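Count the sequence shown with numbering that gives the first Met the number 0 and you get residues 0 to 184, in order. Even glycine gets a Cβ: it sits at the ideal position worked out from N, Cα and C. None of these values were measured; they are calculated from a predicted model. A quick write-up on the structure given underneath.
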Amino acid sequence: MIQISYISTATKPMSQEDLEQILRSSRENNAQLGITGMLLYGNNTFIQILEGEENTVNELIGRIKKDSRHTDFQVLKKKAIDRREYADWSMGFKRVSGEEFQAVKGLENLVEKDFNTKFLGSHENIVDSLMEHFRKDRLKKIGQEELSLDQEDRLIQVLHQTIRAAVKVLAVLMVFTILWGVVDV
0 MIQISYISTA
10 TKPMSQEDLE
20 QILRSSRENN
30 AQLGITGMLL
40 YGNNTFIQIL
50 EGEENTVNEL
60 IGRIKKDSRH
70 TDFQVLKKKA
80 IDRREYADWS
90 MGFKRVSGEE
100 FQAVKGLENL
110 VEKDFNTKFL
120 GSHENIVDSL
130 MEHFRKDRLK
140 KIGQEELSLD
150 QEDRLIQVLH
160 QTIRAAVKVL
170 AVLMVFTILW
180 GVVDV
């Protein structure tokens, strides 16, 4: 398997609808092709990592290069991998802004205007840091959603409701028993 990261510049600013369309088709196609990865978009710039079988990823990169929605396509890194870093995502996505760079350790001085192909193309370490940060951030959020302390499991909710109902029934029976005992005396 291989992992390829690239950067490119959008030919026009991407609206939310444009990005959603890209993600819908990417997720559907990638799932069929066995490709996983993540896409960052900000300041009219794309950063993407794709991983999967070498021939499949190379063919997809060839199609992506020809896509008229972007220019300045540059492959930053191509490496053989033993395991996927984005195994659970047919295509993870994050729209990034200057404020979010402040949260990335070591990139506190990065500003939104630096998020472009010219700057990022000569600073691969920044691309690596961004992708790693947002990958870990997304994994953390997924973990919190799945194991949230604020949101109980559906089974737990049903059990709580059943216990509450049983306690109410027992309370009524106790009152009835007490009243029966008083009337009987």
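Round the Cβ separation of residue i and residue j to the nearest angstrom and send it over; I've been treating them as touching at under 8 Å.
{"i": "residue 130", "j": "residue 46", "result": "7 Å"}
{"i": "residue 85", "j": "residue 36", "result": "5 Å"}
{"i": "residue 133", "j": "residue 39", "result": "6 Å"}
{"i": "residue 77", "j": "residue 3", "result": "5 Å"}
{"i": "residue 121", "j": "residue 103", "result": "Between residue 103 and residue 121 the Cβ distance is about 18 Å, and since that is not below 8 Å, they are no contact."}
Use the C-beta contact count for residue i: other C-beta atoms within 10 angstroms, 16 or more gives buried, fewer gives exposed.
{"i": "residue 95", "result": "buried"}
{"i": "residue 165", "result": "exposed"}
{"i": "residue 23", "result": "exposed"}
{"i": "residue 219", "result": "As shown, the chain starts at 0 and ends at 184. That puts residue 219 outside it, with no answer to give."}
{"i": "residue 25", "result": "buried"}
{"i": "residue 59", "result": "buried"}
{"i": "residue 29", "result": "buried"}
{"i": "residue 56", "result": "buried"}
{"i": "residue 159", "result": "exposed"}
Among residues of its own chain, excluding the 5 on either side of residue i, which ones have a beta-carbon nearer than 8 Å to its beta-carbon?
{"i": "residue 44", "result": "6, 7, 8, 9, 114, 115, 116 and 119"}
{"i": "residue 153", "result": "none"}
{"i": "residue 12", "result": "43"}
Please return the same chain residues whose Cβ sits closer than 7 Å to the Cβ of residue i, not counting the five positions on each side in sequence.
{"i": "residue 125", "result": "106, 109 and 119"}
{"i": "residue 70", "result": "7, 8 and 10"}
{"i": "residue 97", "result": "110 and 111"}
{"i": "residue 68", "result": "9 and 10"}
Rounded to whole angstroms, what's the CA-CA distance from residue i to residue j? Just pull it up for me.
{"i": "residue 174", "j": "residue 183", "result": "14 Å"}
{"i": "residue 91", "j": "residue 17", "result": "16 Å"}
{"i": "residue 149", "j": "residue 93", "result": "Note that residue 149 has pLDDT 44, beneath the 50 cutoff, so the model's placement of it is unreliable and no number is given."}
{"i": "residue 66", "j": "residue 82", "result": "28 Å"}
{"i": "residue 177", "j": "residue 168", "result": "14 Å"}
{"i": "residue 161", "j": "residue 73", "result": "59 Å"}
{"i": "residue 156", "j": "residue 170", "result": "21 Å"}
{"i": "residue 19", "j": "residue 54", "result": "27 Å"}
{"i": "residue 180", "j": "residue 172", "result": "12 Å"}
{"i": "residue 135", "j": "residue 163", "result": "40 Å"}
With a CB to CB cut of under 6 Å and the five nearest residues on each side skipped, what residues in its chain are close to residue i?
{"i": "residue 88", "result": "35"}
{"i": "residue 15", "result": "none"}
{"i": "residue 27", "result": "none"}
Would residue i pass as a contact of residue j if the rule is Cβ separation under 8 Å?
{"i": "residue 80", "j": "residue 1", "result": "yes"}
{"i": "residue 32", "j": "residue 61", "result": "no"}
{"i": "residue 123", "j": "residue 75", "result": "yes"}
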